[in-house]
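First the structure, in the form of structure tokens, and then the observations on it.
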Amino acid sequence: VGISLGPGRFTGLRIGVTCAKTFAFAVGCPITGIDTLQAIAEECPEELSEVTVIADAQRGDLYVGNYRNEGSQWIRQAPITFHPAKEWIGSRSEAETVTGPALERWVGEFPVQCTLLVDHTVPEAKTICEIANRQLETGDTANIWGLEPYYLRKSSAEEQWEHRNRK
Numbered sequence: 100v101g102i103s104l105g106p107g108r109f110t111g112l113r114i115g116v117t118c119a120k121t122f123a124f125a126v127g128c129p130i131t132g133i134d135t136l137q138a139i140a141e142e143c144p145e146e147l148s149e150v151t152v153i154a155d156a157q158r159g160d161l162y163v164g165n166y167r168n169e170g171s172q173w174i175r176q177a178p179i180t181f182h183p184a185k186e187w188i189g190s191r192s193e194a195e196t197v198t199g200p201a202l203e204r205w206v207g208e209f210p211v212q213c214t215l216l217v218d219h220t221v222p223e224a225k226t227i228c229e230i231a232n233r234q235l236e237t238g239d240t241a242n243i244w245g246l247e248p249y250y251l252r253k254s255s256a257e258e259q260w261e262h263r264n265r266k
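Structure below.
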């Protein structure tokens, strides 16, 4: 079983990962987690050497992942980060290729020197399956009990609870 781990929306990730883990446990098969932003990068044109994938982190923020084309797959160059969207977009000072689901919301804010791939913004199930197959073939499996969605920060509810309960 291959499951997209995010980053993404908290509830959707939790439900998806729980269903995948339950299925893998029930049938006794291995499970592997997939970087959602990598799956989006893998759908970009082969002639590109690098791409930045952005996803809406809500509250005016972006998840940002940078990927390099290594021939048969796209490799993340550094940990995924999150930034205030307007600040990050405003700091684009060189030609850069950007894609991802956050383009829908922010496409009009990018400087003209950026190349925006608006046709490659969400991963297809086929791509998730291809990455999962590659990972499973190399033994890149996850412990079913430890596999969790890829969260970069706490949910809004957790942040609000902490704020109310600060002393």
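Following our numbering, the numbering of the sequence shown begins with 100 at its first residue and continues without gaps. The beta carbon of each residue, even a glycine, is placed where N, CA and C say it ideally should be.
According to DSSP, residues forming a beta bridge with residue i
i	result
L215	V197
Helix, strand or coil at residue i according to DSSP, with G and I counted as helix
i	result
G107	coil
A154	strand
E223	coil
I102	strand
R265	coil
W244	coil
L251	coil
Pair within 8 Å by beta-carbon distance, residue i and residue j
i	j	result
V116	E247	yes
Y162	I139	no
T240	T121	no
L215	V206	yes
P222	E142	yes
N165	L147	no
beta-carbon residue i near the ligand ZN non-hydrogen atom, thresh 7 Å
i	result
A194	The ligand ZN is not among the ligands present in this structure, which contains no ligands whatsoever.
Residue range of the unbroken alpha helix (DSSP H) whose run includes residue i
i	result
W205	202-205
Contact with chain B by residue i, beta-carbon distance below 8 Å
i	result
G170	Annotation note: the requested chain B is absent from the structure, which comprises a single protein chain.
Just list the alpha helix (DSSP H) runs in the region 114-199, keeping only unbroken ones of 4 residues or longer that don't cross its boundaries, in chain order.
135-140, 184-189
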